[in-house]
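These notes are about the structure you will find just below.
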Amino acid sequence: MSNPRALPPVHKLLADPRIGAWVSKLGQQVVTANIRKILEGCRQQFEQGKTPCVDLDSLVEQAVHHLENQSVGHFRKVINATGIILHTNLGRSPLAEIAARAAYDAGRNYTNLELDLETGSRSSRQGPLRDLLCQLTGAESATVVNNCAAATILVLRSLALGREVIVSRGQLIEIGGSFRLPDIMSTSGATLREVGTTNITRISDYENAVGPQTAALMRVHTSNFRVKGFTEETSLLELIELGKKLTLPVIDDAGSGAIHDPSPYGLTGEPIPQEAIRLGADLTLFSGDKLLGGPQAGIIAGKKQWIQKIEKDPFMRAVRCDKMTLAALEKTLRLHLDPDLARREIPILAMLSESQESLKAKAETLAAKLTAKSITFDLAADHAFVGGGTLPEEKLPTWVLRLGKGPNPQQWAKRLRTGTPAVMARIDQDQIIIDPRTVLKDQMDDLVQAIVLSRPS
Ligand SMILES: *Cc1c(COP(=O)(O)O)cnc(C)c1O
Numbered sequence: 008m009s010n011p012r013a014l015p016p017v018h019k020l021l022a023d024p025r026i027g028a029w030v031s032k033l034g035q036q037v038v039t040a041n042i043r044k045i046l047e048g049c050r051q052q053f054e055q056g057k058t059p060c061v062d063l064d065s066l067v068e069q070a071v072h073h074l075e076n077q078s079v080g081h082f083r084k085v086i087n088a089t090g091i092i093l094h095t096n097l098g099r100s101p102l103a104e105i106a107a108r109a110a111y112d113a114g115r116n117y118t119n120l121e122l123d124l125e126t127g128s129r130s131s132r133q134g135p136l137r138d139l140l141c142q143l144t145g146a147e148s149a150t151v152v153n154n155c156a157a158a159t160i161l162v163l164r165s166l167a168l169g170r171e172v173i174v175s176r177g178q179l180i181e182i183g184g185s186f187r188l189p190d191i192m193s194t195s196g197a198t199l200r201e202v203g204t205t206n207i208t209r210i211s212d213y214e215n216a217v218g219p220q221t222a223a224l225m226r227v228h229t230s231n232f233r234v235k236g237f238t239e240e241t242s243l244l245e246l247i248e249l250g251k252k253l254t255l256p257v258i259d260d261a262g263s264g265a266i267h268d269p270s271p272y273g274l275t276g277e278p279i280p281q282e283a284i285r286l287g288a289d290l291t292l293f294s295g296d297k298l299l300g301g302p303q304a305g306i307i308a309g310k311k312q313w314i315q316k317i318e319k320d321p322f323m324r325a326v327r328c329d330k331m332t333l334a335a336l337e338k339t340l341r342l343h344l345d346p347d348l349a350r351r352e353i354p355i356l357a358m359l360s361e362s363q364e365s366l367k368a369k370a371e372t373l374a375a376k377l378t379a380k381s382i383t384f385d386l387a388a389d390h391a392f393v394g395g396g397t398l399p400e401e402k403l404p405t406w407v408l409r410l411g412k413g414p415n416p417q418q419w420a421k422r423l424r425t426g427t428p429a430v431m432a433r434i435d436q437d438q439i440i441i442d443p444r445t446v447l448k449d450q451m452d453d454l455v456q457a458i459v460l461s462r463p464s
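Throughout the sequence shown, residue numbering follows the working numbering, covering 8 to 464 in sequence.
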């Protein structure tokens, strides 16, 4: 009969060679703490009148399982089989190979983050990115912070602290994850002056609201919803013309940062940063990890006088990017200098621009691999969303595999998520949907294996 006294002591488990291997990897303290936790769990079970298995072998196995999980850690690679290209929960855009390597190198080594190697004197971490961003957007100057939310707060603070910024009621957006424009505005210390109505805001509404307290006019791209029917929004150009007339700066919160117009792929209505600059916006703000396909960052491009003011703001120091982000962003921006290179090398652009034939071929390749492993499925035409709070209505046609109807697709999906590597799939009408569009080229075999290993018996 098993009883608490039958529990082996900690040192007995530590002496097992299977555990010993983990001591050198994770350290004695971590391993010991894990063993104690497992033994404590057994003791609690005894107290509840249960009889846990206390033989050394099964306890060692339990411990090894825990230790394996800890050594992998929380953050791990996930194969995105949802077809949602900018999946916020999956970290938005995967980096181009060259950008990911640059982040690795910057992280692993010392780097010339703020050093001019020619002169040996101190330099700005913004300089190299500023040049690239000016080239890409046509702006006079630019600067980079941690994300577009930070960019928005910083810009509002610098240009409008204690004063009013006029925004259309139709643009008081919530992006999700606590980006609500009115809250961002009050956090910044600027005062939101709402004008117009949810569906109609005319240039006269802005003009009538301007007073001595007005510091700026702002346009916010309604990234994740569309107002339909009887609607009228003031165009950015009208706003810019009003700004010029009244000498008020115009801020354009564009959100997605589509340097390469995605309309040829059927994605319309995305603001293009260089277009805003060309029209004369004072500042345009966009994310690094949405349609730019780089690391998380917030880019502020526009007139030099404002960028200088922004960079002098003490808040700038609190939201500046680290060396790994800047290194990855530089490489991403360099790829953007050539549209073909960008489409080829930046994963999300390759995914967006992938042709129907190519997607079908990819699905067929996957299909052949699954057939060889006796997995049953249907190959079907389907649609996917872009995601990431962009392009809410635009559905991209795609080809998917619908895996055979299981008794419990939720359970299968969970096994896929918790396997190694983890796979995130969609569920539709009791079926697991695998959309190969967002599966990276070198992940195909891993995906097949994950499906085979997780399939319900
Ligand atoms: C996504 C988005 C933001 C927030 O950008 P993050 O980089 O996620 O902080 C702000 N404004 C608009 C219009 C957006 O679409």
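Ideal Cβ positions, reconstructed from N, Cα and C, are used throughout, including at glycine.
Next item on the list: Quick one: measure Cβ to Cβ for residue 384 and residue 409, integer angstroms, because I've assumed they're closer than 8 Å.
Entry: For the purposes of this step, residue 384 is taken as residue 377 along the sequence shown, with counting starting at 1. For the purposes of this step, residue 409 is taken as residue 402 along the sequence shown, with counting starting at 1. The pair is a contact, with the Cβ atoms about 6 Å apart (cut-off 8 Å).
Notebook entry, point to check: With a CB to CB cut of under 8 Å and the five nearest residues on each side skipped, what residues in its chain are close to residue 121?
Noted result: Taking the sequence shown and counting its residues from 1, one reaches residue 121 at position 114. Answer for residue 121: 129, 130, 131, 132, listed in chain order.
Note to self: Quick check: what's the CA-CA separation for residue 49 versus residue 460?
What the structure shows: As a position in the sequence shown, residue 49 is number 42, starting the count at 1. As a position in the sequence shown, residue 460 is number 453, starting the count at 1. Across the structure, residue 49 and residue 460 are spaced so that their CA atoms are roughly 30 Å apart.
Margin query: Is residue 237 close to ligand 1? I mean its beta-carbon at under 6 Å from any heavy atom of the ligand.
Written below: In the sequence shown, the residue the question calls residue 237 occupies position 230. No; taking the cut-off as 6 Å, the Cβ of residue 237 has no heavy atom of ligand 1 nearer than that.
Next item on the list: Tell me whether residue 271 is buried or exposed, calling it buried when 16 or more other Cβ atoms sit within 10 Å of its Cβ.
Entry: Here residue 271 corresponds to residue number 264 of the sequence shown, with the count starting at 1. Flag for residue 271 reads exposed.
Note to self: I'd like the list of long-range same chain contacts for residue 11, defined as Cβ closer than 7 Å, with 5 residues on each side in sequence excluded.
What the structure shows: By 1-based counting over the sequence shown, the position of residue 11 is 4. Within the same chain, residue 11 has close Cβ partners 50, 53.
Item checked: Beta-bridge pairing of residue 406 - partner residues as DSSP gives them -> Residue 406 sits at position 399 when you count from the first residue of the sequence shown. For residue 406, which the question treats as bridged, DSSP gives the partners 388.
Next item on the list: Would you check whether ligand 1 has a heavy atom nearer than 6 Å to the C-beta of residue 288?
Entry: Here residue 288 refers to the residue found at position 281 of the sequence shown. No, ligand 1 has no heavy atom inside 6 Å of this Cβ.
Item checked: Any beta strand (DSSP E) of 3 or more consecutive residues that is wholly inside the region 78–142 -> For the region 78–142, whole beta strand (DSSP E) runs of length 3 or above, ordered along the chain, are 85–87.
Checklist line | Integer Cβ distance of residue 87 from residue 102, believed to fall under 8 Å | finding: The count along the sequence shown starts at 1 and reaches residue 87 at position 80. The count along the sequence shown starts at 1 and reaches residue 102 at position 95. Rounded, the Cβ-Cβ distance is 14 Å, inconsistent with contact.
Check: Cβ-heavy atom distance between residue 335 and ligand 1 below 6 Å?
Finding: Within the sequence shown, numbered from 1, the residue matching residue 335 stands at position 328. Residue 335: no, Cβ never under 6 Å from ligand 1.
Next item on the list: May I ask you to list the residues that DSSP assigns as paired with residue 438?
Entry: For the purposes of this step, residue 438 is taken as the residue at position 431 of the sequence shown. When beta bridges are read from the DSSP output, residue 438 appears opposite 435.
Checklist line | 8 Å contact criterion, which residue 14 and residue 85 should meet: CB distance rounded | finding: The residue labelled residue 14 in the question sits at position 7 within the sequence shown. The residue labelled residue 85 in the question sits at position 78 within the sequence shown. About 38 Å separates the beta carbons of residue 14 and residue 85, which is beyond the 8 Å limit, so they are not a contact pair.
Note to self: At 4 residues or longer, what runs of the alpha helix (DSSP H) sit wholly inside the region 314–395?
What the structure shows: Taking 4 residues as the shortest admissible run, the region 314–395 contains the following complete alpha helix (DSSP H) segments, listed from N- to C-terminal end: 321–325, 330–343, 346–352, 354–360, 363–379.
Check: Any heavy atom of ligand 1 closer than 6 Å to the CB of residue 155?
Finding: As a working note, residue 155 is residue 148 in the sequence shown. Residue 155 Cβ: within cutoff of ligand 1.
Next item on the list: Inspect the beta-carbon positions of residue 279 and residue 268 and report whether they are closer than 7 Å.
Entry: For this step, residue 279 is matched to residue 272 along the sequence shown. For this step, residue 268 is matched to residue 261 along the sequence shown. Their beta carbons are under 7 Å apart, which means residue 279 touches residue 268 by this criterion.
Notebook entry, point to check: Which whole-angstrom value describes the C-beta separation of residue 307 and residue 314, a residue pair presumed to lie in contact below a C-beta threshold of 8 Å?
Noted result: Taking the sequence shown and counting its residues from 1, the one referred to as residue 307 is at position 300. Taking the sequence shown and counting its residues from 1, the one referred to as residue 314 is at position 307. The pair is a contact, with the Cβ atoms about 7 Å apart (cut-off 8 Å).
Notebook entry, point to check: Distance, Cα to Cα, residue 176 vs residue 239?
Noted result: For the purposes of this step, residue 176 is taken as residue 169 along the sequence shown, with counting starting at 1. For the purposes of this step, residue 239 is taken as residue 232 along the sequence shown, with counting starting at 1. So the alpha carbons of these two residues sit roughly 12 Å apart.
Note to self: Is it the case that the region 368–387 contacts the region 445–459, given that we only count it when at least three CB pairs across the two stretches are under 8 Å?
What the structure shows: Under the 8 Å Cβ criterion, the region 445–459 counts as touching the region 368–387, having at least three qualifying pairs.
Check: Measuring CB to CB, does residue 265 end up less than 7 Å from residue 282?
Finding: Numbered from its first residue, the sequence shown carries residue 265 at position 258. Numbered from its first residue, the sequence shown carries residue 282 at position 275. Between residue 265 and residue 282, the C-beta spacing is not below 7 Å.
Check: Going by the beta-carbon positions, is the gap between residue 241 and residue 180 smaller than 7 Å?
Finding: Position 234 of the sequence shown, counting from 1, holds the residue named residue 241. Position 173 of the sequence shown, counting from 1, holds the residue named residue 180. Going by C-beta atoms, residue 241 is not nearer than 7 Å to residue 180.
Checklist line | Contact test: residue 230 Cβ vs ligand 1 heavy atom, cutoff 6 Å | finding: Counted from its first residue, the sequence shown places residue 230 at position 223. Yes, ligand 1 has a heavy atom inside 6 Å of this Cβ.
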